[in-house]
Amino acid sequence: MCSGWAGESSVLDWIRTGIANHIWILSSFLTFRRFIHNCRDPQKAQLRILKKILVRNASSQYGLNYEFSSISDYPEFARKVPIIDYSDIENLIEATAGGEKDVLTCESILRFEETSGSSGFARLIPYTAGLIRQFNEGIGPWIHALWKNHPGALRGRSYWSLSPATKERRMSGGGIPIGSADDTEYFSWFTRWILGGIMAIAPDTARIKDPDQFYEETLLQLLGRRNLSLISVWSPSFFLKLDERLRVNYRELLKKLSSSISSSRLQHLASMDEETLTWKDIWPKLWLCSCWTHASAAGFIPELRNRLGEIPVQGKGLISTEGIVSIPIAGSESPVAAIQSHFLEGMDLETERILPVYDWKLDRRYEVLLTTAGGLYRYRTGDVVQVTDFYRSTPCLRFLGRSNRSSDLTGEKLSEYQAIRMIQELHLQGFSGKFLLFPRPHINGAGYILLVEPLNEHNATEWRYRLKNIVDIAEGELRKNPYYHQARSLDQLDRIHVQILTGGSYEKIMSSFQKKKGTSDGDFKNPVLLRDSEIRYEELELYFIPED
Numbered sequence: 106m107c108s109g110w111a112g113e114s115s116v117l118d119w120i121r122t123g124i125a126n127h128i129w130i131l132s133s134f135l136t137f138r139r140f141i142h143n144c145r146d147p148q149k150a151q152l153r154i155l156k157k158i159l160v161r162n163a164s165s166q167y168g169l170n171y172e173f174s175s176i177s178d179y180p181e182f183a184r185k186v187p188i189i190d191y192s193d194i195e196n197l198i199e200a201t202a203g204g205e206k207d208v209l210t211c212e213s214i215l216r217f218e219e220t221s222g223s224s225g226f227a228r229l230i231p232y233t234a235g236l237i238r239q240f241n242e243g244i245g246p247w248i249h250a251l252w253k254n255h256p257g258a259l260r261g262r263s264y265w266s267l268s269p270a271t272k273e274r275r276m277s278g279g280g281i282p283i284g285s286a287d288d289t290e291y292f293s294w295f296t297r298w299i300l301g302g303i304m305a306i307a308p309d310t311a312r313i314k315d316p317d318q319f320y321e322e323t324l325l326q327l328l329g330r331r332n333l334s335l336i337s338v339w340s341p342s343f344f345l346k347l348d349e350r351l352r353v354n355y356r357e358l359l360k361k362l363s364s365s366i367s368s369s370r371l372q373h374l375a376s377m378d379e380e381t382l383t384w385k386d387i388w389p390k391l392w393l394c395s396c397w398t399h400a401s402a403a404g405f406i407p408e409l410r411n412r413l414g415e416i417p418v419q420g421k422g423l424i425s426t427e428g429i430v431s432i433p434i435a436g437s438e439s440p441v442a443a444i445q446s447h448f449l450e451g452m453d454l455e456t457e458r459i460l461p462v463y464d465w466k467l468d469r470r471y472e473v474l475l476t477t478a479g480g481l482y483r484y485r486t487g488d489v490v491q492v493t494d495f496y497r498s499t500p501c502l503r504f505l506g507r508s509n510r511s512s513d514l515t516g517e518k519l520s521e522y523q524a525i526r527m528i529q530e531l532h533l534q535g536f537s538g539k540f541l542l543f544p545r546p547h548i549n550g551a552g553y554i555l556l557v558e559p560l561n562e563h564n565a566t567e568w569r570y571r572l573k574n575i576v577d578i579a580e581g582e583l584r585k586n587p588y589y590h591q592a593r594s595l596d597q598l599d600r601i602h603v604q605i606l607t608g609g610s611y612e613k614i615m616s617s618f619q620k621k622k623g624t625s626d627g628d629f630k631n632p633v634l635l636r637d638s639e640i641r642y643e644e645l646e647l648y649f650i651p652e653d
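Following my numbering, the numbering of the sequence shown begins with 106 at its first residue and continues without gaps.
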């Protein structure tokens with residue numbers, strides 16, 4: 106057990122935690138006040154950010170190429186600087202990782218964070234001190250608003266979910282770290298210092314590689330805190346996995362805690378029925394749970410509420426490795442555009458016009474473009490948002506999903522491109538047939554079904570005998586996506602399930618799909634990665650060959 110983090114919360118711990126929370130609330134006030142003020146005139150705030158980014162990076166290679174120093178307004182910026190995907194700057198990222206200076210930004214690169222996008226494979230996102238400040242310009246207002254609306258959430262310890270070390274932190278060719286030592290590195294040094302007195306879990310828990318040990322250590326530390334008041338996780342499915350481990354191993358966890366908590370606390374915990382208890386029962390001071398609630402996460406929220414008990418759930422804003430797009434603020438149903446962090450634009454999905462965020466219209470859907478202090482300029486994130494309301498004069502944004510064909514049940518960001526690569530590998534290994542990949546939020550947990558129509562009946566028999574080999578190949582390919590790898594390692598996703606289809610099923614499924622889309626034969630492109638919003642599982646089930 107991580108020294109100094111387990112054991113029942115003492116009076117001294119309550120006092121220390123209260124002081125740390127109070128300092129955090131006070132320190133976030135100025136960014137909150139600035140944000141509220143800026144929401145009255147988002148155009149002014151956004152143009153100020155854009156100017157600062159361009160001026161500070163004018164002498165970088167990218168800034169010189171696109172004449173940052175001569176750009177005086179937004180129309181000129183939009184005219185001179187191209188819209189990009191990761192592939193457009195991959196060579197520049199590689200040069201930076203190799204040690205070349207002043208490529209995308211004039212600031213030093215502190216580290217790279219690894220993510221995956223439309224290709225499904227790992228990408229490196231550069232982090233600078235300026236980018237971290239921009240993140241904190243969004244996090245600060247969120248924290249202060251959280252306190253104003255849920256004051257009890259910042260009275261005790263906070264559980265900020267940590268990601269286990271599914272990959273070692275390593276160095277680029279130029280000696281720049283890839284990955285974070287722990288998740289608190291997204292915060293400023295001052296906030297990290299404050300979090301040391303607030304977090305319910307030791308940061309070095311993230312270094313535990315074994316998922317079973319990671320979950321056990323997390324639960325032991327949480328159970329050792331009576332004063333847990335806030336849970337902040339990304340995916341609700343992660344919370345449900347943690348909750349499942351809590352219930353299955355509850356008695357064993359209490360045995361391991363027996364020497365580090367008081368007899369009265371132990372007796373109280375032991376009196377509960379692990380099948381019916383809620384998190385509110387275990388932690389009476391628990392005030393709020395913050396997690397994703399939109400898009401694919403929405404299906405997990407009813408069960409999450411049931412497991413939590415009478416605890417409010419706050420939807421997170423749209424935050425990715427590349428940047429922060431929206432933050433939850435009081436008085437708005439959806440998170441508010443993070444207008445004092447990065448410069449935000451969007452492509453209207455109906456008109457395909459590119460508009461700055463301050464010109465976005467109610468009910469319209471936009472694919473987000475980011476310009477950040479980390480060296481991303483007019484960068485297509487692939488995230489699609491809809492304007493649901495306005496907070497003062499600033500759009501409130503609901504996250505709808507990804508613009509390209511992809512699936513994101515638990516944060517794995519699985520793309521069709523990766524599904525195609527998986528199928529190509531199966532072909533190379535001698536498995537022939539027609540393939541579809543279908544995401545299911547609930548197969549006793551989230552996961553993917555690989556639908557296969559074999560070439561013939563003999564081929565179908567061969568598939569049945571070699572299912573394990575097929576699954577191993579498919580899993581090996583999909584785990585090249587770091588987020589899928591992490592979700593599998595954390596048991597947020599089940600292994601791929603292979604389902605064999607009857608002869609002729611593939612064409613019938615495609616015909617049904619095409620009819621729903623209203624696409625002509627000449628324009629129809631056969632998808633590989635299906636979406637449950639496009640075709641229901643019950644429709645597909647009609648074509649399944651019963652399993653033995």
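Note that CB positions come from ideal geometry on N, CA and C, so glycine has one too.
Note that the structure is predicted; figures quoted are calculated from it, not measured.
- Distance check between G552 and each of L514, G581, I141, G204 places L514 closest, using alpha-carbon atoms only.
- The DSSP-derived three-state label of H373 is helix.
- Burial state of H142 is exposed, judged by a 10 Å Cβ sphere holding fewer than 16 other Cβ atoms.
- Per DSSP, R260 is not a residue of any alpha helix (DSSP H), being assigned neither H nor E.
- Between the C-alpha atoms of K539 and E558 there is a straight-line separation of about 5 Å.
- Per DSSP, reduced to three states, the secondary structure at G168 is helical.
- By a beta-carbon distance limit of 8 Å, Y264 contacts I336. Their separation comes to about 5 Å.
- Taking one beta carbon from each stretch, the segment 203 to 210 and the segment 159 to 179 have 3 or more pairs nearer than 8 Å; the two touch.
- Of the candidates L541, P180, T426, L467, the residue whose Cα lies closest to the Cα of G487 is T426.
- Under the DSSP definition of a beta bridge, Q419 partners with S395.
- In this structure, R470 is the residue among L449, Q445, R470, F448 with its C-alpha nearest to the C-alpha of E457.
- By the Cβ criterion, the segment 348 to 364 is in contact with the segment 309 to 325, since at least three pairs of Cβ atoms, one from each stretch, lie closer than 8 Å.
- Distance from the CA of T493 to the CA of G422, rounded to the nearest whole angstrom, comes to 14 Å.
- The three-state reading of DSSP puts S266 in coil, since its state is none of H, G, I, E or B.
- Cβ contact annotation for D468 (same chain, cutoff 8 Å, sequence separation greater than five): Q491, V492, T493, in chain order.
- Within 10 angstroms of the beta-carbon of A524 lie 16 or more other beta-carbons, which makes it buried.
- For E321, no beta strand (DSSP E) run applies; the uninterrupted alpha helix (DSSP H) run containing it begins and ends at 316 to 328, by DSSP.
- Contact between T499 and P246 does not hold, since the beta-carbon distance rounds to 12 Å and is not under 8 Å.
- Annotation: the continuous beta strand (DSSP E) that includes K539 extends over 538 to 545.
- A551 sits in a strand when the DSSP states are folded into three classes.
- The continuous stretches of alpha helix (DSSP H) do not include P231, which lies in the beta strand (DSSP E) extending over residues 227 to 232.
- In terms of Cβ geometry, G284 and E273 form a close pair [threshold 9 Å].
- Cα atoms of W384 and I434: separation of roughly 25 Å, rounded to the nearest angstrom.
- S334 sits in a strand when the DSSP states are folded into three classes.
- Between the segment 294 to 304 and the segment 112 to 128, the count of Cβ pairs shorter than 8 Å is three or higher; the stretches touch.
- Y589 counts as buried, since at least 16 other C-beta atoms from the protein chains shown sit within 10 angstroms of its C-beta.
- Contact check between the segment 403 to 419 and the segment 229 to 240: fewer than three CB pairs, one atom from each, fall below 8 Å, which does not count as touching.
- Scanning its chain for C-beta atoms nearer than 6 Å, with the 5 sequence neighbours on each side dropped, one finds around T607 the residues Y648, I650, in chain order.
- T310 counts as buried, since no fewer than 16 other beta carbons sit within 10 angstroms of its beta carbon.
- Between I189 and F182, the beta carbon gap of about 14 Å keeps them out of contact (Cβ cut-off 8 Å).
- In the three-state scheme derived from DSSP, where H, G and I count as helix and E and B as strand, G451 is classed as strand.
- Here A375 is exposed. Its C-beta has fewer than 16 other C-beta atoms within 10 Å.
- Taking a contact as a CB-CB distance under 8 Å, the pair H447 and I154 counts as one, their CB atoms being some 7 Å apart.
- About 6 Å separates the Cβ atoms of W465 and G451, confirming a contact at the 8 Å cut-off.
- Annotation for Y179: no beta strand (DSSP E) segment contains it, though the alpha helix (DSSP H) segment containing it runs 179 to 185.
- As for any alpha helix (DSSP H) of minimum length 4 sitting wholly inside the segment 112 to 162, the runs are 116 to 132, 134 to 143, 147 to 161, ordered along the chain.
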